[in-house]
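**Q** Counting along the sequence shown from 1, when you hit position 134 you're at 119 in our numbering, and nothing is skipped either side. Beta carbons: idealized from backbone N, C-alpha and C, even for Gly. My questions all concern the structure below.
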Amino acid sequence: METDRKRALRQAKELLCLKIWENCRNELFTRFPLYPAALGGLRFQAGKDTGSWGTDGDSVYYSPEYVMDCYRESPVRVKAAYLHMVLHCLFLHITEEPDKDIPLWNLACDMAVEMAAARMAGAVYPLAPEARDCMACLQGTPASAENLYHMLQKEVFPWPAEALRTAFMRDDHHFWIQKADPSRLEAVKHKWEKITAYTSQNVRGMSKRAGSRKGDRSDCVERLHKGKYDYRSFLKRFAVPREEVELDTESFDYIFYHYGMEHYGNMPLIEPLEYKEGHKLEELVIAIDTSGSCSREMVQRFLEETYTILSEKENFFQKMKVFIIQCDCYIQDVAVVTSRETWKNYRDHIRIQGRGGTDFRPVFNYVEQLKKQKEIRNLKALIYFTDGDGIYPRVKPDYEAAFVFLREESLKQQMLPAWAAKLILEGGSHEH
């Protein structure tokens, strides 16, 4: 049993640690003024089964003795650890459920955030010598956790995995969200998706106001908005509630139902509802850049990826409306897909039309015409597949717009408006 003296000592340690964490966070606020939501997104809680520190996306759990020892040795070490954990949250590493070698995936995540932190903070960031050498090896290679994981699998690096863990590891990952609590997983993921979008928009806006080319720090934040290339999570943000005629087997009591079937001769006491409410997409615009820079193979790859998601029952109503618009600098073709069958027919017989220059504005103007004509009534999202080399609209539409790029090419994509989402499909892995 804890004595009064031990309790007072424990509380004094926790209060001191709280001041240490808050001091580190305040210094990071000063160093990175465009990151207020991210740096302020975690609470601090002592104990909870760790000998060091780690986060679950809501709190940083820590050992008071470990924090005090580290701070006494080097305050920068504690500050770097907090930035490291915040970046894990921004990259959504804490909510990932990878079908991978977990120790190797954890190492890839640590490598990704340490390299990002070093790019943001520059030479003052306390990166281990092996880690800096590793960064030098990767110049020009996207340093996402997914890419790093595949490189670790292939043993590309001249150091063994254990040496890399020593160089890159800063926190305890066992607090990361597990499948056992799906509602909490979704809540934490939604929280950090919003913070990531806000942070990325802050940095893009500052870069444009400065009137100069983005450097390493803003380039790093572009990567914050990437994560997995997952249309599913992107599109679900714009789902709307509506009832459909469908047997709802979850909205009545099975006990009374079976009682009637057994005692009254196949006469259920309660019939299941025929109308079932769901949150799904009912309208969507997909625009395809058909200028000379986008090959037929690229377009087919994009359409195949999109169809995989749209063909899943939970994502769209039985009666859906998808406008597929081909455009270079003019509208070249418009197809309206209202069912899986019409989509499949379009996909199998698609003919790319255009091959001129690229102007994104005609698609947005055409969508406005469709809305005025009541052809579109409840549009939530527009997805535009392109290489990014074109003229963007100046005014934000009243729906979400995402530009999907095959790869990261900052020179072409630096004019992307701050209001638009940026999705990347890079190499063999899928990134957002």
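(1) Give the DSSP-derived three-state secondary structure of L92 in the structure shown.
(2) Just tell me which of L68, Y47, G26 and V173 has its CA closest to the CA of E(-1).
(3) Following the continuous alpha helix (DSSP H) through A403, name the residue where it begins and the one where it ends.
(4) Taking the alpha-carbon of I5 as reference, which of P21, A(-7), K33 and E58 has the nearest alpha-carbon?
(5) Across which residues does DSSP place T40 in a beta bridge pair?
(6) For the alpha helix (DSSP H) containing F14, list its first residue and its last residue.
(7) On a CA-only basis, which of K407, L19 and T291 is nearest V307? Give me that one, please.
(8) Taking the C-alpha atoms as reference points, what is the distance between C2 and T35?
(9) If you follow the alpha helix (DSSP H) that A113 is in, where does it begin and where does it stop?
(10) Note down, in chain order, each residue of its chain lying with its Cβ closer than 6 Å to the Cβ of R439, except the 5 sequence neighbours on either side.
(11) Checking the sheet assignment: what are the DSSP bridge partners for L269?
(12) What's the C-alpha gap between K85 and L72?
(13) Buried or exposed: L(-6), going by 16 or more other Cβ atoms within 10 Å of its Cβ?
(14) If I follow the unbroken alpha helix (DSSP H) through D318, where does it start and stop?
(15) Around the C-beta of T15, are 16 or more other C-beta atoms found within 10 angstroms, so that it is buried, or is it exposed?
(16) Let me make sure I understand the geometry here. Which of L288, D374, V380 and V52 has the alpha-carbon closest to that of M400?
(17) I believe W144 touches E115 by the beta-carbon criterion, under 8 Å. Please report the beta-carbon distance rounded to the nearest angstrom.
(18) Determine the burial state of Q(-4): buried for a count of at least 16 other Cβ atoms within 10 Å of its Cβ, exposed for fewer.
(19) So, is Q419 buried or exposed, given that buried needs 16 or more other C-beta atoms within 10 angstroms?
(20) Using only the alpha-carbon positions, how far apart do A121 and F142 sit?
(21) Taking 8 Å as the threshold (C-beta atoms), are I316 and P347 in contact?
(22) Assign L41 to buried or exposed, taking buried as 16 or more other Cβ atoms, counted over all protein chains shown, within 10 Å of its Cβ.
(23) Roughly how many angstroms separate the alpha carbons of E12 and C55, rounded to a whole number?
(24) Please classify D166 as buried or exposed, where buried requires at least 16 neighbouring CB atoms within 10 angstroms.
(25) Quick check on this structure: which residue in Y369, Y20, A387 and R(-10) has the alpha carbon closest to the alpha carbon of S185?
(26) Give me the residue from R10, A31, F349 and T323 with the minimum Cα distance to Q311.
(27) To which residues does DSSP link D344 through a beta bridge?
(28) Using 10 angstroms around the beta-carbon of E81, count the other beta-carbons present and answer buried if the total reaches 16, otherwise exposed.
(29) Flag this pair as yes or no: are the beta carbons of P160 and L92 separated by less than 8 Å?
(30) Sort out for me which residues DSSP pairs T371 with in a bridge.
(31) On the three-state DSSP scale, how would you describe Q481?
**A** Taking the coordinates as given:
(1) helix
(2) Y47
(3) Run containing A403: none; DSSP gives neither H nor E here.
(4) E58
(5) V45
(6) D(-11) to R16
(7) T291
(8) 15 Å
(9) From DSSP, A113 is part of no alpha helix (DSSP H); its letter is neither H nor E.
(10) Residue 439 lies beyond the residue range present for the chain, which begins at -14 and ends at 417; the question has no answer from this structure.
(11) V307
(12) 21 Å
(13) Exposed, since its Cβ has fewer than 16 Cβ neighbours within 10 Å.
(14) Not the alpha helix (DSSP H): D318 falls in the beta strand (DSSP E), residues I316 to V322.
(15) exposed
(16) D374
(17) 6 Å
(18) exposed
(19) What the structure shows of the chain is the stretch from -14 to 417, and residue 419 is not part of that stretch, so it cannot be assessed.
(20) Going from the Cα of A121 to the Cα of F142 covers about 11 Å.
(21) yes
(22) Reading the sequence as shown, one finds Asp at residue 41 and not Leu. In summary, D41 is buried, with 16 or more beta-carbon neighbours lying within 10 Å of its beta-carbon over all protein chains present.
(23) If you draw a straight line from the Cα of E12 to the Cα of C55, it is about 17 Å long.
(24) By the neighbour-count rule (16 or more Cβ atoms within 10 Å), D166 is not buried but exposed.
(25) Checking every option, the nearest Cα to that of S185 belongs to Y20.
(26) F349
(27) I376
(28) With 16 or more other Cβ atoms inside 10 Å of its own Cβ, E81 counts as buried.
(29) A small fix is needed here, since residue 160 is Phe in this sequence, not Pro. The answer is no: Cβ separation not under 8 Å.
(30) F390
(31) Only positions -14 to 417 of the chain appear in this structure, which leaves residue 481 out of reach.
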